[in-house]
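Inspection log for the structure reproduced underneath, given as structure tokens.
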Amino acid sequence: MNSQTYAVSRSSRAARVSAIIGTLVLIILVAAPWWAGRADMRLMGELFLYLALASLWNLMAGYAGLVSVGQQAFVGFGGYMLFALTMFAGLHPITAIAAAGLLGALISVPVAVLIFRLRGAYFAIGTWVIAEVFRLGFAQVSALGGGSGSSLPVAIVKSLASKRAMRESISYWLALSAAVLVVASVYFFLRSRKGLALTAIRDNETAADSLGIDIWRTKFVVYVVTSAFTAMIGALIFLQKLRISPDAAFSVNDWTAFVIFIVVIGGIGTIEGPIIGTFVFFLLRETLADLGTVYLIVLGVVAILVMLKAPKGLWGLFRARFDVQIFPLGYRVSKRDPS
Amino acid sequence: MDWLNAIVQGTLLGGLYALFAAGLSLIFGVMRLVNIAHGDLIVLAAYLGLTVTTATGIHPLLAIVVVVPVMAAIGYVLQRGLLNQTLGDDLLPPLLVTFGLSVIIQNALLEGYTADPQKLAAGNLETASFAFGGLTLGVLPVLTFSFAIAVIWGLQWIFYCTALGRAFRAVSDNQDIAQLMGLNRRHIFGLAMALALAVTAIAGILLGIRTSFDPSGGGGRLIFGFEAVIIGGLGNLWGTLAGGVILGVAQTVGAKIDPGWQILSGHIAFLLILAVRPNGLFPRISA
Amino acid sequence: MPDPILKISGLNAHYGDFQALFGVDMQVDAGEVLAIIGANGAGKTTLMRSITGLLTNGPDQIMHKGTDIGRLRADEVALRGIAMVPEGRQLFPSLSVKENLMIGAQVLRPGPWNLKAVYQLFPILEERKDQQSTSLSGGQQQMVAIGRALMSNPELILFDEISLGLAPVIIRDIYRALPGIIGNGMSAIIVEQDISKALSVSSRVYCLQEGRVSLEDRSDTVAREDISRAYFGIE
Chain A
1 MNSQTYAVSR SSRAARVSAI IGTLVLIILV AAPWWAGRAD MRLMGELFLY LALASLWNLM
61 AGYAGLVSVG QQAFVGFGGY MLFALTMFAG LHPITAIAAA GLLGALISVP VAVLIFRLRG
121 AYFAIGTWVI AEVFRLGFAQ VSALGGGSGS SLPVAIVKSL ASKRAMRESI SYWLALSAAV
181 LVVASVYFFL RSRKGLALTA IRDNETAADS LGIDIWRTKF VVYVVTSAFT AMIGALIFLQ
241 KLRISPDAAF SVNDWTAFVI FIVVIGGIGT IEGPIIGTFV FFLLRETLAD LGTVYLIVLG
301 VVAILVMLKA PKGLWGLFRA RFDVQIFPLG YRVSKRDPS
Chain B
1 MDWLNAIVQG TLLGGLYALF AAGLSLIFGV MRLVNIAHGD LIVLAAYLGL TVTTATGIHP
61 LLAIVVVVPV MAAIGYVLQR GLLNQTLGDD LLPPLLVTFG LSVIIQNALL EGYTADPQKL
121 AAGNLETASF AFGGLTLGVL PVLTFSFAIA VIWGLQWIFY CTALGRAFRA VSDNQDIAQL
181 MGLNRRHIFG LAMALALAVT AIAGILLGIR TSFDPSGGGG RLIFGFEAVI IGGLGNLWGT
241 LAGGVILGVA QTVGAKIDPG WQILSGHIAF LLILAVRPNG LFPRISA
Chain C
1 MPDPILKISG LNAHYGDFQA LFGVDMQVDA GEVLAIIGAN GAGKTTLMRS ITGLLTNGPD
61 QIMHKGTDIG RLRADEVALR GIAMVPEGRQ LFPSLSVKEN LMIGAQVLRP GPWNLKAVYQ
121 LFPILEERKD QQSTSLSGGQ QQMVAIGRAL MSNPELILFD EISLGLAPVI IRDIYRALPG
181 IIGNGMSAII VEQDISKALS VSSRVYCLQE GRVSLEDRSD TVAREDISRA YFGIE
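Rendered as structure tokens:
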């Protein structure tokens, strides 16, 4: 035996292969305006935004242990900020999206200080209260249309691009880059020191505490960053919709229930899970949406079954069979040929 | 006098919120479970009341006699068939499973009863009132408040004076040792959920007489109940009543300032108390 | 010959990937008092958890009067008349002294033990019956734990480390009371680190070492050096 027969590395063959495939897929997706129809582009744009929301929720619930059922607070907040900043402050829509993220981070600070006092499941309901406060609050702002909401003025829509096809392409590219940005940020964050600390906290809070990891601070940072991104996604969502109202902006079903189902079905606590979950969700939606309420009941039943029978979701089932990791987080030990 | 009236009406409204909250408080106390579907179960009880009253023509208050055992049975089956499997050290399964349940109940109600708002017709009871010290009190709100006191007194009695309550407290203290004493915790948890949903049934019927309801209203009721529990302090049933009253008063006083502010001012009162007294006003989690 | 109260054969027990017991064989006959000794981590508490059903065992590893109880839940085992005084007392803090005792009677088995009999055995508990159990001294808490187990009128009672953390004078009192408790034909297993105390009240002794039975002998004739060897594994 010599001591050099084992190698420790982060990368794996599957990861390298998938990185190459991923780059190719990305190039094809960027070119979508030249090969896809308008309806398909719309659908893909929506898919990317859900993918981003799901990755963010997964970062909070699956890694930081912050199970929120109130992410619609920041989706709606971002949407309203887009409207307010473009309509009253005269910002360009893209600048307004970035500003919405910044404001989302700002507002999430006092929110976090308050609701971090609640533990576990009570934290979850606390986030919902916050979302309700936001919804009722924005319904009181008559300049933004009050309870019935308002539409984005045509002049602002045109400032994005004067031609409709170009607007749709921009909107699509924004959604695609949001998804790529979020997934990449989550991935690199989890690989960083702070991210590893987060995984340590998830796996054992007491042990992490004794290692000197400041749990409160780490969770706080995750919450604020997630809120900022979620607000930006919210702004993008309502830039596509061009119309906003309190009920649509702060819908618990649209921005939290679906997102939770995506993550649970795909596999909570993995980076791949939300991606797979988003595809499964859209596949189900496009094939079953005609069933209306029955479709939602089916979705609920599937989520419960997955939670009980396969808590790591579809990706977990896949990984149990094949030891594959597309986004390598941990280090792996492999035997090196003694040549 | 207007302000006093708002406070009194808010207090009575608080009785309804305490009824929303009592079941939530009970199951958290016994098994540390937070049921996200709690509000939807309240709405489900109101719909069951609707079915019973329209099918038989009896008064909604009488329908309680039917809906309470039905909801209790649903609670027992739900706990033993589904929720017991989620209990453990991990927080996610119970939370996400009850969240899924919430969506299922909501959409099943939509499927069965459509989205149209419904109301339980209670005849004179809806509008009857009497004069009391210069104020006009509705019979229904006073009745609701009396129900809240009776229910909480009854739950206290069960908890501290009966073998069942002893078993609840023992299982809550230490599940393993309780099992060694011959208590099957799965059964005890089933009974706790049955009791919680029995209370939910009363809450649902009274809600349905008071206002119109539709399948999407569960979330709001969960939140009111939750706020009452946190304001009152975890594990304290009389505290929960106080929490309900504070929430109710905040809402009616807020509505007095501006009708659009009713619900919002309740939430703000909750957040203020959370900021000042994070453990609520009367915490007693040990019990 | 009637089936023994408890017959353990080839018992293995695991916590996840960690195996705590390896092929343990043991038998308790009616009316017999058994002592189990062994160092920390030898598997004594695991054995208690296996017998009482807090751990699930393989088929036919634990037989109670000829019936396989190794796969029953703890509450079902309790209903069959096996009670435990757990290590560290483990009273229910939100229950009063009397309520703690009443919980023991939950299994509704007929027999000589009831509140009155327990109060006769430990009069101090009647004086303190309405206090929170956590307000009692360690010795009194141990009395409650013993009384709680007796209230189920068990056929077999398990004492897990009853002298742990108690003052010597209290330990003496409790051991003095033991014959009166297990004298009525009840069988008992006493898990103890205090070897001489364990030998003084038992008829047979088993020693566990690293999850295996390292000694089985009569308590009155067992040789000290055999015990040391079985206990520490020193040849």
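Chains as they are written, first to last, in full-length UniProt numbering: chain A, 1 to 339; chain B, 1 to 287; chain C, 1 to 235. Where is the CB? At the ideal position from N, CA and C, for every residue including glycine. Quick caveat: nothing in here was measured; it's all calculated off a predicted structure.
Beta carbon proximity, Asn-107/B to chain A, threshold 8 Å: On the second sequence, residue 107/B is found 107 positions in, with the first residue counted as 1. When Cβ-Cβ separations below 8 Å define contact, Asn-107/B makes contact with chain A.
Stretch pair the segment 53–71 of chain C + the segment 213–231 of chain C: three plus CB contacts closer than 8 Å: no
Nearest residue (CA-CA) to Ala-230/C, options Asp-220/C, Ile-195/C, Gln-61/C, Val-201/C: Residue numbering aside, residue 230/C sits at position 230 when the third sequence is read from its first letter. Comparing Cα-Cα distances from Ala-230/C to each of Asp-220/C, Ile-195/C, Gln-61/C, Val-201/C, the minimum goes to Ile-195/C.
Phe-261/A versus Ala-303/A - alpha carbon distance: Taking the first sequence and counting its residues from 1, the one referred to as residue 261/A is at position 261. Taking the first sequence and counting its residues from 1, the one referred to as residue 303/A is at position 303. Between the alpha carbons of Phe-261/A and Ala-303/A lies a distance of about 6 Å.
DSSP-derived helix/strand/coil call for Thr-127/B: Within the second sequence, residue 127/B is the residue found at index 127, counting from 1. It is coil, neither helix nor strand.
Residues of the segment 74–85 of chain C whose Cβ lies closer than 7 Å to any Cβ of chain B, in chain order: Ala-74, Asp-75, Ala-78, Leu-79, Met-84
Chain A residues whose Cβ lies nearer than 7 Å to that of Ala-275/B: Here residue 275/B refers to the residue found at position 275 of the second sequence. Per Cβ cutoff of 7 Å: Leu-114.
Option nearest Ala-228/B by Cα separation, candidates Gly-23/B, Val-8/B, Leu-92/B: By one-based count along the second sequence, residue 228/B stands at place 228. Comparing Cα-Cα distances from Ala-228/B to each of Gly-23/B, Val-8/B, Leu-92/B, the minimum goes to Gly-23/B.
Backbone secondary structure at Arg-243/A - three-state DSSP: Along the first sequence, read from residue 1 onward, the residue named residue 243/A stands at position 243. Three-state result, Arg-243/A: strand.
Residues that Lys-7/C bridges to, as DSSP identifies them: Against the third sequence, residue 7/C aligns to sequence position 7. Its beta-bridge partners are Gln-27/C, Met-63/C.
Contact belief for Gln-131/C with Val-97/C at Cβ below 8 Å, rounded distance in angstroms: Within the third sequence, numbered from 1, the residue matching residue 131/C stands at position 131. Within the third sequence, numbered from 1, the residue matching residue 97/C stands at position 97. Between Val-97/C and Gln-131/C the Cβ distance is about 6 Å, and since that is below 8 Å, they are a contact.
Pairwise C-alpha distance: Phe-327/A and Leu-56/A: Locating residue 56/A in the first sequence gives position 56, counting from the first residue. Locating residue 327/A in the first sequence gives position 327, counting from the first residue. Looking at the two C-alpha atoms, the distance is approximately 16 Å.
Test: Gln-142/C CB closer than 8 Å to a CB of chain B: Counting from 1 along the third sequence, the entry for residue 142/C is found at position 142. No, because no Cβ of chain B sits closer than 8 Å to the Cβ of Gln-142/C.
DSSP three-state assignment for Asp-160/C, whether helix, strand or coil: Taking the first residue of the third sequence as 1, we reach residue 160/C at position 160. Asp-160/C: strand per DSSP, three-state reduction.
Partner residues on chain B for Leu-284/A, Cβ-Cβ distance less than 9 Å: Along the first sequence, one-based indexing puts residue 284/A at 284. By Cβ distance, chain B contributes nothing, its closest Cβ being about 14 Å from Leu-284/A, past 9 Å.
Unbroken stretches of the alpha helix (DSSP H), 4 residues or longer, contained in the segment 92–154 of chain A: 93–115, 120–139
Simplified DSSP state of Arg-277/B, which is helix, strand or coil: By one-based count along the second sequence, residue 277/B stands at place 277. The answer is coil: DSSP assigns Arg-277/B none of H, G, I, E or B.
Contact set between the segment 236–255 of chain A and chain B, restricted to residues whose Cβ is under 7 Å from the partner: Val-252
Which residues DSSP lists as bridging Ala-83/C, in chain order: Taking the third sequence and counting its residues from 1, the one referred to as residue 83/C is at position 83. DSSP output for Ala-83/C lists Ile-157/C as bridge partner(s).
Proximal residues, the segment 87–101 of chain B versus chain A, C-beta separation under 9 Å: If the cut-off is 9 Å between Cβ atoms, the segment 87–101 of chain B has Asp-90, Leu-91, Leu-92, Pro-93, Pro-94, Leu-95, Leu-96, Val-97, Thr-98, Phe-99, Gly-100, Leu-101 near chain A.
Residue-level contact to chain B via CB, Gln-131/C, 8 Å cutoff: Numbered from 1 along the third sequence, position 131 holds the residue referred to as residue 131/C. Not closer than 8 Å to any Cβ of chain B, the Cβ of Gln-131/C fails to qualify, so no.
Any 3 or more C-beta pairs closer than 8 Å across the segment 29–43 of chain C and the segment 67–87 of chain C: no
Cα-Cα separation between Asp-89/B and Arg-32/B, rounded to whole angstroms: One-based indexing of the second sequence puts residue 89/B at position 89. One-based indexing of the second sequence puts residue 32/B at position 32. Spanning the two alpha carbons is a distance of roughly 10 Å.
Three-state secondary structure assigned by DSSP to His-14/C: Translated into positions along the third sequence, residue 14/C becomes position 14. Strand, per DSSP.
Test: Gly-219/B CB closer than 8 Å to a CB of chain A: Within the second sequence, residue 219/B is the residue found at index 219, counting from 1. By this cut-off, Gly-219/B is an interface position.
Proximity test, Cβ basis, 8 Å: Tyr-122/A and chain B: Position 122 of the first sequence, counted from the first residue, corresponds to residue 122/A. Interface residue, yes.
Residue-level contact to chain C via CB, Ile-177/B, 8 Å cutoff: Within the second sequence, the letter at position 177 stands for residue 177/B. At least one CB atom of chain C sits nearer than 8 Å to the CB of Ile-177/B.
Stretch pair the segment 96–110 of chain A + the segment 242–261 of chain A: three plus CB contacts closer than 8 Å: no
Close-in-space but distant-in-sequence residues of the same chain around Ser-339/A (CB under 6 Å, 5 per side omitted): Taking the first sequence and counting its residues from 1, one reaches residue 339/A at position 339. Its pLDDT being 46, under 50, Ser-339/A is placed unreliably by the model, and nothing is read from it.
Val-97/B - containing alpha helix (DSSP H), residue span: Counting from 1 along the second sequence, the entry for residue 97/B is found at position 97. Here the alpha helix (DSSP H) through Val-97/B covers 92–113.
Reduced DSSP secondary structure (H/G/I, E/B, other) of Ser-339/A: Indexing the first sequence from 1 puts residue 339/A at position 339. Below a pLDDT of 50, predicted positions are generally treated as unreliable, and Ser-339/A, at 46, falls in that range; the measurement from the model is reported next regardless. Looking at Ser-339/A - three-state DSSP - the assignment turns out to be coil, as it is neither helix nor strand.
Three-pair Cβ contact test at 8 Å for the segment 88–96 of chain C versus the segment 157–172 of chain B: yes
Residue-chain proximity (Ala-287/B, chain A), Cβ-Cβ < 8 Å: Taking the first residue of the second sequence as 1, we reach residue 287/B at position 287. Model confidence at Ala-287/B stands at a pLDDT of 33, short of 50, so the residue's coordinates are unreliable and nothing is read from them.
Terminal residues of the beta strand (DSSP E) in which Arg-212/C lies: For the purposes of this step, residue 212/C is taken as residue 212 along the third sequence, with counting starting at 1. Where Arg-212/C is concerned, the enclosing beta strand (DSSP E) stretches over 212–218.
Chain B within 8 Å of Gly-300/A, Cβ atoms only: For the purposes of this step, residue 300/A is identified with residue 300 of the first sequence, where counting begins at 1. Yes, because at least one Cβ of chain B sits closer than 8 Å to the Cβ of Gly-300/A.
Residue span of the alpha helix (DSSP H) that contains Tyr-63/A, given as start and end: Along the first sequence, one-based indexing puts residue 63/A at 63. From DSSP, Tyr-63/A is part of no alpha helix (DSSP H); its letter is neither H nor E.
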